[in-house]
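K.L.:
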Amino acid sequence: DIVMTQSPLSLPVTPGEPASISCRSSQSLMHNGGYNCLDWYLQKPGQSPQLLIYLGSNRASGVPDRFSGSGSGTDFTLKISRVEAEDVGVYYCTQTVQIPYTFGQGTKLEIK
Amino acid sequence: QVQLVQSGAEVKEPGASVKVSCKASGFGFSDYYIHWVRQAPGYGLEWMGEINLNSGDTNYARKFHGRVTMTRDTSITTAYMELSGLRYDDTAVYYCARDSMIDPTAIFDNWGQGALVTVSS
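As given, the protein sequences belong to chains A and B, one line each in that order.
Take any residue in the first sequence, note its place counting from 1, add 114, and you have its number in the working numbering.
Take any residue in the second sequence, note its place counting from 1, add 49, and you have its number in the working numbering.
1) What does residue 208/A pair with, by DSSP beta-bridge criteria?
2) Check whether the Cβ atoms of residue 87/B and residue 141/B sit closer than 7 Å, and answer yes or no.
3) Could you name the residues that DSSP lists as bridge partners for residue 82/B?
4) Tell me, please, whether the CB atom of residue 220/A is closer than 7 Å to any CB atom in chain B?
5) Among residues of its own chain, excluding the 5 on either side of residue 143/A, which ones have a beta-carbon nearer than 6 Å to its beta-carbon?
6) Pull the bridge partners of residue 127/A from the DSSP assignment, please.
7) Can you give me the start and stop residues for the beta strand (DSSP E) that residue 139/A sits inside?
8) For residue 201/A, which of helix, strand or coil comes out of DSSP?
9) Pick from 225/A, 118/A and 224/A: whose alpha carbon is nearest that of residue 94/B?
10) Residues of chain B with CB closer than 7 Å to the CB of residue 211/A, please, in chain order.
11) Looking only at C-alpha atoms, which of 66/B, 54/B and 123/B sits nearest to residue 72/B?
12) Is the Cβ of residue 148/A closer than 7 Å to any Cβ of chain B?
13) Is there at least one Cβ from chain B nearer than 7 Å to residue 168/A's Cβ?
14) Are there 16 or more other CB atoms within 10 angstroms of the CB of residue 188/A, so buried, or fewer, so exposed?
15) Near residue 136/B, what residues of its chain come up, given a Cβ to Cβ distance below 7 Å and the 5 sequence neighbours on each side ignored?
16) Quick check on residue 123/B: does DSSP put it in helix, strand or coil?
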């Protein structure tokens, strides 16, 4: 199985400041069609996960443009340009290039 | 709008089976896949498998082979996940999630509210 490793696992951020989460995979997530099969989800407290970024860098519908995804192959990054209070929760990366699809351990973002 | 409404919480004894439902609305049911993802208390997300809502074809994570069965009833636009031989470590919230069908791979664009399954004697 592909192992997904996120860092940091805990991320305290001051509102208005940027934040960055790293996600590394044990195998390349590049699909033979040239896409990176890496998505980002946010699970807000007490809620179901919600899609933020798909195929490495595409924002899902309704996701603010302060969220961006980048990376290729085995190294990916989620960036928030200016953190807001509503961004608190646990962020997960996931790979869908190979079954079983696997998730990172999660990164808990909290407001300082 | 897209909605996935899951069945309620369940308490089961070890060795029993549980069947969780996921009622879909707001989209063409048979045009999509549904995935099942679980989350043990205080832990991360774990993909269990997927079902093609048109054909009924399934793919399961190796870990659950022989214990999980995913089905659907197109007449009532509902997907099901049944887990048998329950163990204490199967205690988790079970989510259904719709696949966006954006090529070339799975993207979970809408999620159910989750169903808590507690395994306890």
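Idealized CB from N, CA, C, for every residue including glycine.
Every value quoted in this text rests on a predicted model; they were computed, and no experiment measured them.
P.N.:
From the atom records:
1) Paired residue(s): 153/A and 217/A.
2) If you check the CB distance, residue 87/B and residue 141/B come in under 7 Å.
3) According to DSSP, which records beta bridges pairwise, residue 82/B is partnered with 101/B.
4) Interface residue (Cβ-Cβ distance to chain B less than 7 Å): residue 220/A is classified as such.
5) Contacts found: 150, 151, 152, 209 and 211.
6) In the DSSP secondary-structure assignment, residue 127/A is bridged to 225/A.
7) Judged by DSSP secondary structure, residue 139/A falls within the beta strand (DSSP E) whose first and last residues are 133 to 139.
8) DSSP places residue 201/A within a helical segment (H, G or I) once states are collapsed to three.
9) Selected option, being the one with the closest Cα: 118/A.
10) Within chain B, the residues near residue 211/A are 154.
11) If we check each option's Cα against that of residue 72/B, 54/B comes out closest.
12) It does not: the Cβ of residue 148/A has no partner Cβ on chain B nearer than 7 Å.
13) Interface residue, yes.
14) With 16 or more Cβ atoms within 10 Å of its Cβ, residue 188/A is classed as buried.
15) Counting only Cβ-Cβ distances below 7 Å, and skipping sequence neighbours, we find 63 and 168.
16) DSSP places residue 123/B in the helix class (H, G or I) of the three-state scheme.
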